[in-house]
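K.L.:
For reference, the structure I am asking about is given below.
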Amino acid sequence: MKMAKYQILIADDSRMMRSVIKGYLEGLDSEFTEACDGAMAYELACSKPFDLIITDVEMPNKNGFELCQDLKKHAATRSIPILIISSFDSEQDIHTGFQAGAAAYISKDEVKEQLVPKVESILSKAFFNVSKQILIVDDSALIRQLLKTELSKEGYKIATAKNGRDGLFKIRAKRPDLIISDIDMPEMNGFQFCGAVNSDPAMKTIPFIVMSSNADRGHMQRMLQRGAQAYLVKPFNIDQLIILIDKLLSHQFVMLLKERERLDAERHMMLASITSLVNALEARDPYTRGHSTAVARIASGMAALAGASQEECQTILIGGQLHDIGKIGIRDEILLKPERLSDAEYELIKQHPVIGTDILSPIESLRQIIPIVQFHHERFDGKGYPKGLKGTDIPLWARIISVADTFHALTSNRPYRRGVRHDNALRVIREVKGRQLCPDCVDLFMDWIHSDAAGGLDLDNPVPHPAHLPPASVPELPPVNA
Numbered sequence: 002m003k004m005a006k007y008q009i010l011i012a013d014d015s016r017m018m019r020s021v022i023k024g025y026l027e028g029l030d031s032e033f034t035e036a037c038d039g040a041m042a043y044e045l046a047c048s049k050p051f052d053l054i055i056t057d058v059e060m061p062n063k064n065g066f067e068l069c070q071d072l073k074k075h076a077a078t079r080s081i082p083i084l085i086i087s088s089f090d091s092e093q094d095i096h097t098g099f100q101a102g103a104a105a106y107i108s109k110d111e112v113k114e115q116l117v118p119k120v121e122s123i124l125s126k127a128f129f130n131v132s133k134q135i136l137i138v139d140d141s142a143l144i145r146q147l148l149k150t151e152l153s154k155e156g157y158k159i160a161t162a163k164n165g166r167d168g169l170f171k172i173r174a175k176r177p178d179l180i181i182s183d184i185d186m187p188e189m190n191g192f193q194f195c196g197a198v199n200s201d202p203a204m205k206t207i208p209f210i211v212m213s214s215n216a217d218r219g220h221m222q223r224m225l226q227r228g229a230q231a232y233l234v235k236p237f238n239i240d241q242l243i244i245l246i247d248k249l250l251s252h253q254f255v256m257l258l259k260e261r262e263r264l265d266a267e268r269h270m271m272l273a274s275i276t277s278l279v280n281a282l283e284a285r286d287p288y289t290r291g292h293s294t295a296v297a298r299i300a301s302g303m304a305a306l307a308g309a310s311q312e313e314c315q316t317i318l319i320g321g322q323l324h325d326i327g328k329i330g331i332r333d334e335i336l337l338k339p340e341r342l343s344d345a346e347y348e349l350i351k352q353h354p355v356i357g358t359d360i361l362s363p364i365e366s367l368r369q370i371i372p373i374v375q376f377h378h379e380r381f382d383g384k385g386y387p388k389g390l391k392g393t394d395i396p397l398w399a400r401i402i403s404v405a406d407t408f409h410a411l412t413s414n415r416p417y418r419r420g421v422r423h424d425n426a427l428r429v430i431r432e433v434k435g436r437q438l439c440p441d442c443v444d445l446f447m448d449w450i451h452s453d454a455a456g457g458l459d460l461d462n463p464v465p466h467p468a469h470l471p472p473a474s475v476p477e478l479p480p481v482n483a
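Quick note on numbering: the sequence shown equals residues 2 to 483 in the numbering used here.
Right, dumping it as structure tokens:
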């Protein structure tokens, strides 16, 4: 739907000057109303809404400074930005103009160079920022009041909350256009609050600014992965915050968020269909049920620890969930065979990365995960499949998935063997570091599995095994993560 045209009032006692101003601004999608003196301009401004008023200073009946002052006193016209264009351009004149309430002041000698960019800047801010509501979430009443005072001066409407839980309540009562939140708060901290906002489809497109005294880079990265768009370290200059808010509330940024939301919805619909296929695949074989989800969780955790962006972590999460999608094309008598595979059967199994690539290639929104699906069985020494890629020629996300896939395959029960203990699996992974698996990715995995992010994996106790399976032993690696 086409936006309404900007309504601009031009006040100048010179018809030629009014015509010159309109000529410079003809490229803007605007409608112009003209006034030949200050009194007429005031009456027009009170009778219909305008997005911008451009006025001269020296005019009959009411000069430009008086016009500014009167408009700022009137509730209906107070928020209209005013641009003064005048040949009176001394420092005192300019100061008087701003004191009267002007948003900008241009000398008539500089109209050609400055008028268009200045008007575009004013209109952009006026159109997107006036009446925009900002929610400030901080447990400090002093900080809430300080930010409310400063941002109110910029024309924003401000709501406040003392913690994340209170913040969610305020959002549900009235959706803000932007959120500014501290991290360390009682009841619900900034991490939890940001995660809750980003996981709710009705809230996730709200720009989110984090403010914290913690300047640790890893801390910042985790907040950005949670869905925050920006991170400010306290103490910060209020002008910094205002510039950042202007950027996040700009038309381009809002459109970008809406486009991302559309693409996310499209991708989620596609993923729902493909995930159903994965679930159907895993339902064929009780021994691999949950394997893809586990690999996805491990790999995305590794990526987050390495400092990957939220988008990159999402890519590897989806890639992990779909890495074995090609097994849909493998016959049951091979895929579900309770004994070890013959060489010929193993060659057929090795086709599943190629089949998976063929399945996903037509889907534009999943193009980024194709290298994961296609190359997660390549080996660091070049002896893997399907292409025999070696070392860093193997895409990084595929190398990470390979480590996660290997660990989960080693520790999972299979028809022909029990899974090994977690500590034994770690020993095997260390042994094949640099041969089958990327050394850097193995190191990253070891860091991840001993971190809090890997909570729930018990490295000291053995994996529970069905009684009928043969005892666990260190398996031969090529077939283990096939």
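Note that CB positions come from ideal geometry on N, CA and C, so glycine has one too. Only a predicted model underlies this, so the values are computations on that prediction, with no experimental measurement involved.
Between residue 326 and residue 357, which are expected to be in contact by the criterion C-beta below 8 Å, what is the C-beta distance as a whole number of angstroms?
P.N.:
4 Å
K.L.:
Assign residue 130 to buried or exposed, taking buried as 16 or more other Cβ atoms, counted over all protein chains shown, within 10 Å of its Cβ.
P.N.:
Residue placement at residue 130 is flagged as unreliable, the pLDDT there being 49, under the threshold of 50; the coordinate-derived value follows with that caveat. Buried, because 16 or more other Cβ atoms sit within 10 Å of the Cβ of residue 130.
K.L.:
Thinking C-beta only, is residue 350 closer than 8 Å to residue 373?
P.N.:
Their beta carbons are not under 8 Å apart, which means residue 373 does not touch residue 350 by this criterion.
K.L.:
Have a look at residue 17 and residue 26 and give me their C-alpha separation to the nearest angstrom.
P.N.:
14 Å
K.L.:
Of the choices 237, 97, 119, whose alpha-carbon is the least far from that of residue 54?
P.N.:
119
K.L.:
Within the continuous alpha helix (DSSP H) that includes residue 443, where are the two ends?
P.N.:
440-450
K.L.:
Compare the Cα-Cα distances from residue 52 to each of 7, 367, 401, 59 and report the closest residue.
P.N.:
7
K.L.:
Which class does residue 189 belong to by DSSP, given the choice of helix, strand or coil?
P.N.:
coil
K.L.:
Hey, out of 139, 133, 46, whose CA is closest to residue 154's CA?
P.N.:
133
K.L.:
Quick check: the Cα distance between residue 409 and residue 353, rounded to an integer number of angstroms?
P.N.:
18 Å
K.L.:
Three or more beta-carbon pairs under 8 Å between the stretch 392-402 and the stretch 336-350, yes or no?
P.N.:
no
K.L.:
Classify residue 467: buried if its beta carbon has 16 or more other beta carbons within 10 angstroms, exposed otherwise.
P.N.:
Its pLDDT being 38, under 50, residue 467 is placed unreliably by the model, and nothing is read from it.
K.L.:
Between residue 138 and residue 108, which are expected to be in contact by the criterion C-beta below 8 Å, what is the C-beta distance as a whole number of angstroms?
P.N.:
That pair is no contact at about 44 Å.
K.L.:
Please state whether DSSP places residue 432 in a helix, a strand or coil.
P.N.:
helix
K.L.:
When you compare only the Cα positions, how much space is there between residue 1 and residue 231?
P.N.:
The structure shown does not extend to residue 1, since the chain is modelled only from 2 through 483, so no value can be given for it.
K.L.:
Label residue 280 either buried or exposed according to how many other C-beta atoms from any shown protein chain fall within 10 Å of its C-beta, with 16 as the threshold for buried.
P.N.:
Flag for residue 280 reads exposed.
K.L.:
So within the stretch 100-169, which uninterrupted alpha helix (DSSP H) runs reach at least 4 residues, ignoring any that extend past its ends?
P.N.:
112-130, 142-154
K.L.:
As a quick exercise: from 339, 443, 390, pick the residue whose alpha carbon is nearest that of residue 304.
P.N.:
Cα-wise, what sits closest to residue 304 is 443.
K.L.:
CA-CA distance, residue 364 and residue 274?
P.N.:
12 Å
K.L.:
Hey, how far is the Cα of residue 157 from the Cα of residue 56?
P.N.:
25 Å
K.L.:
Quick check on this structure: which residue in 433, 423, 438 has the alpha carbon closest to the alpha carbon of residue 451?
P.N.:
The shortest Cα separation from residue 451 among 433, 423, 438 belongs to 423.
K.L.:
Using DSSP's beta-bridge definition, name the partner residues of residue 54.
P.N.:
Residue 54 is bridged to 10, 83.
K.L.:
Leaving out five residues on either side along the sequence, give the residues of the same chain with a beta carbon under 6 Å from the beta carbon of residue 317.
P.N.:
When the five nearest sequence neighbours on each side are left out, the beta carbons in the same chain lying within less than 6 Å of the beta carbon of residue 317 are those of 300, 301, 304, 398, in order along the chain.
K.L.:
Tell me the rounded alpha-carbon separation between residue 312 and residue 196.
P.N.:
15 Å
K.L.:
Can you give me the C-alpha to C-alpha distance between residue 64 and residue 85, rounded to a whole angstrom?
P.N.:
11 Å
K.L.:
If you draw a straight line from the alpha carbon of residue 59 to that of residue 238, how long is it in whole angstroms?
P.N.:
38 Å
K.L.:
Please confirm whether residue 159 and residue 152 have their CB atoms less than 8 Å apart.
P.N.:
Yes, the pair counts as a contact, with Cβ atoms nearer than the cut-off.
K.L.:
For residue 418, tell me which candidate among 367, 338, 386 has the shortest Cα-Cα distance.
P.N.:
338
K.L.:
The alpha helix (DSSP H) with residue 43 in it runs from where to where?
P.N.:
39-48
K.L.:
Skipping 5 residues on each side, what residues in its chain have a beta carbon closer than 7 Å to that of residue 83?
P.N.:
Cβ contact annotation for residue 83 (same chain, cutoff 7 Å, sequence separation greater than five): 54, 56, 69, 72, 102, 103, 104, in chain order.
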